[in-house]
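Visitor:
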Amino acid sequence: MALIEKGQSLQKYSLNLIFFNLLSHLSVRLAINQLKHNIIYFLFYMINVFQDIKKSNIELYKSNIIIFVNIEKKNSLNFLYKKKKLTKTMLKTTNRDMVYFVGCLLYAYSVPFAFLVFVIGRKPQHVVLAIASMAFYLCAIMVNSVLWKLLPFLQSSLTMFILIGVLVIEGIRPIYYRFYTKFHNSFESISTNKVVFPMNDLFGAISSGFGWGIVHILLFYSPIISKSIGPGTYFQFNQCSTFSVITKAVYLTPPIFIQHISLMIIFFNGFYKKSTLQWWIAMILHLFASLWSEFEECTLLIVGEYIIAFIEIIWSFYLIHKPDYRRKLKGL
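The UniProt record's numbering puts the first residue of the sequence shown at 1, with every later residue one more than the last.
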């Protein structure tokens, strides 16, 4: 087991890491008179270590060790890599690994895929709105990244960064709504579009929320889910010993995506009615959902995100069934 403290380079501990694992592997192998296997195993391990040092990145080494890496949070992120016998097929995925990978894809992306096929992809104007909303959400993420780089106190306080990040995203949303109303009014100024390409608030909000949600899950969850294929896995023992990090990301993807769509419906209705109270309540709900993602108990975290998504669905369902919901948008 090797301990790497926060802010300390991997290069400084690389020799200790190699020496420790060399002794551990030699002691075990010598005890059972398999020195030849130990030498091959150590060479394989050392190659991986130097590759990671060259990349300046901490990877999962192909050995039976546990690496504790302290990140921005005060607790540590624990990486566990399961020991496997060194063979030529060591890095090849098994049928069970492939089943797990396919299961992760189906669970995480079934909801976005259903919206894409049955709602967004049926009308070209909905596809245009989804792509445009992706660009606006990416701009918000870029602004948050610049603020995180320029303001050092955000790098030491994840809660403060989430608070400012949500405020930036909610500041971009009215700008996007103005763009949407102009697009809607100019689009319907052509008489044929009213018949061939009809638009209303509901599908406009769903398309826009789809763009925001798909960018969010692709940026924050897809890199983790992509690690589901392979011989090893990740665990956060200090936070969640029940699920791996990959399984946790898979469970969180659907509710986060649904929250984006529901919030967009709520915000569109609030902007249309010029309801400041509704806008603030929705923003507080968004902030609460974002801060809830930092909850350390994984089961409560996942259940809480689904509850928040369910509340937002009920609220949006109530709004879209009001008689005045589908009235023509007022120009801003």
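Don't be surprised by glycine CBs; every beta carbon is placed ideally from N, CA and C.
Quick check on Pro323: buried or exposed, where buried means 16 or more other Cβ atoms within 10 Å of its Cβ?
Guide: So Pro323 ends up on the exposed side.
Visitor: Apply the 10 Å Cβ neighbour rule to Ile120 and answer buried if 16 or more other Cβ atoms are within range, or exposed otherwise.
Guide: Buried, because 16 or more other Cβ atoms sit within 10 Å of the Cβ of Ile120.
Visitor: Leaving out the 5 sequence neighbours to the left and right, which residues in its chain are closer than 8 angstroms to Pro112 when beta-carbon positions are compared?
Guide: These residues qualify, in order along the chain: Phe210, Gly213, Ile214, Ile217 and Phe257.
Visitor: Counting only beta-carbon separations shorter than 8 angstroms, does Trp280 have a partner in chain B?
Guide: Of the chains in the structure shown, none is chain B; there is only one protein chain.
Visitor: Quick check: Leu202 and Ile320, are their CB atoms within less than 8 angstroms of each other?
Guide: Cβ distance < 8 angstroms, so Leu202 and Ile320 count as in contact.
Visitor: Less than 6 angstroms between C-beta atoms, sequence neighbours within five positions excluded: which residues of the same chain meet that for Ser133?
Guide: The answer, listed in chain order, is Ser208, Gly211 and Trp212.
Visitor: Under 7 angstroms: does the beta carbon of Tyr180 sit that close to some heavy atom of the ligand FAD?
Guide: The ligand FAD is not part of the structure shown, which contains no ligands of any sort.
Visitor: May I ask you to verify whether the stretch 300 to 309 touches the stretch 283 to 292, counting CB pairs closer than 8 angstroms and requiring at least 3?
Guide: Yes, the stretch 300 to 309 touches the stretch 283 to 292.
Visitor: Could you give the C-beta distance for residue 355 and Val250, rounded to a whole number, given that I count them as a contact under 8 angstroms?
Guide: Coverage of the chain is limited to positions 1 through 332, which leaves residue 355 absent and any answer about it impossible.
Visitor: How far does the alpha helix (DSSP H) with Asn200 in it extend, from its first residue to its last?
Guide: Asn200 -> no alpha helix (DSSP H), and no H or E assigned at all.
Visitor: Where Val99 and Thr253 are concerned, what is the direct C-alpha to C-alpha distance, given to the nearest angstrom?
Guide: If I take the Cα positions, the gap works out to 19 angstroms.
Visitor: By the DSSP assignment, the alpha helix (DSSP H) with Leu300 in it spans what residues?
Guide: Segment Cys298 to Ile320, the alpha helix (DSSP H) holding Leu300.
Visitor: Mapping DSSP to helix, strand and coil, what is Lys182?
Guide: Correct three-state label for Lys182: helix.
Visitor: Taking only the alpha-carbon atoms, compute the straight-line gap between Pro152 and Gly270 and give it to the nearest angstrom.
Guide: About 35 angstroms.
Visitor: Relative to the C-alpha of Leu116, which candidate in Ala130, Tyr107 and Met142 has its C-alpha closest?
Guide: Answer by Cα proximity: Ala130.
Visitor: State the start and end residues of the unbroken alpha helix (DSSP H) segment that holds Tyr221.
Guide: No alpha helix (DSSP H) holds Tyr221; DSSP gives it neither H nor E.
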